[in-house]
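Student: In my numbering, the protein residues as written are 452 to 605. Beta carbons: idealized from backbone N, C-alpha and C, even for Gly. This is the structure I have questions about; it appears just below.
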């Protein structure tokens, strides 16, 4: 069997491979840190996005959470169902859009978010700390990629 990659001599020269390896290391630490709190990373992202969006506007919908997080709508719907079963969120009829549901954090959901947000931010700080001042450059580049992705499908 042949392996027809242009990176055959050196897999470390692949930007995509380096990115996924770094992501997997970071994600493993996120998952490990969230495990004692009984939530997954997608559930945390949903709660954090909901909390953030609720600061700025109400009502918050699943579509808004999907757009803000760049998670696909089906994943957001599945996560919302699980979080509702755990009593972390409530879904109520949207006041103006009959097709949408308004999402609110319950007291239980707010408490788990308040506990886990500093934990995840600490994982980020620790993981990216070897970059020192270059963290700002990495952030700028990642934001550029997400902006490009928003305006034209890559």
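(1) Please identify the residue among 490, 595, 463, 534 whose C-alpha is closest to the C-alpha of residue 555.
(2) Since residue 500 and residue 484 are thought to touch, with beta carbons under 8 Å apart, how far apart are those beta carbons, to the nearest angstrom?
(3) At 4 residues or longer, and completely inside the segment 474 to 525: list those alpha helix (DSSP H) runs for me, N to C.
(4) Confirm the yes/no value for this check: CB of residue 540, any heavy atom of the ligand SAH, distance under 7 Å.
(5) Answer yes if the segment 534 to 543 comes into contact with the segment 560 to 574, meaning at least three C-beta pairs across the two stretches below 8 Å, and no otherwise.
(6) So, is residue 513 buried or exposed, given that buried needs 16 or more other C-beta atoms within 10 angstroms?
(7) If you pair each beta-carbon of the segment 479 to 497 with each one of the segment 574 to 582, do three or more pairs fall below 8 Å?
(8) Rounded to whole angstroms, what is the Cα-Cα separation between residue 470 and residue 589?
(9) Does DSSP classify residue 553 as helix, strand or coil?
Tutor: So, from the data block:
(1) By one-based count along the chain shown, residue 555 stands at place 104. Comparing Cα positions, the closest option is 534.
(2) On the chain shown, residue 500 is found 49 positions in, with the first residue counted as 1. On the chain shown, residue 484 is found 33 positions in, with the first residue counted as 1. So it is not a contact: roughly 18 Å between Cβ atoms.
(3) 492 to 507, 513 to 520
(4) This structure does not include the ligand SAH; it has no bound ligands of any sort.
(5) yes
(6) In the chain shown, the residue the question calls residue 513 occupies position 62. The residue in question, residue 513, is buried, as its Cβ has 16 or more Cβ neighbours within 10 Å.
(7) yes
(8) Counted from its first residue, the chain shown places residue 470 at position 19. Counted from its first residue, the chain shown places residue 589 at position 138. Cα-Cα distance, rounded: 12 Å.
(9) Position 102 of the chain shown, counted from the first residue, corresponds to residue 553. Looking at residue 553 - three-state DSSP - the assignment turns out to be strand.
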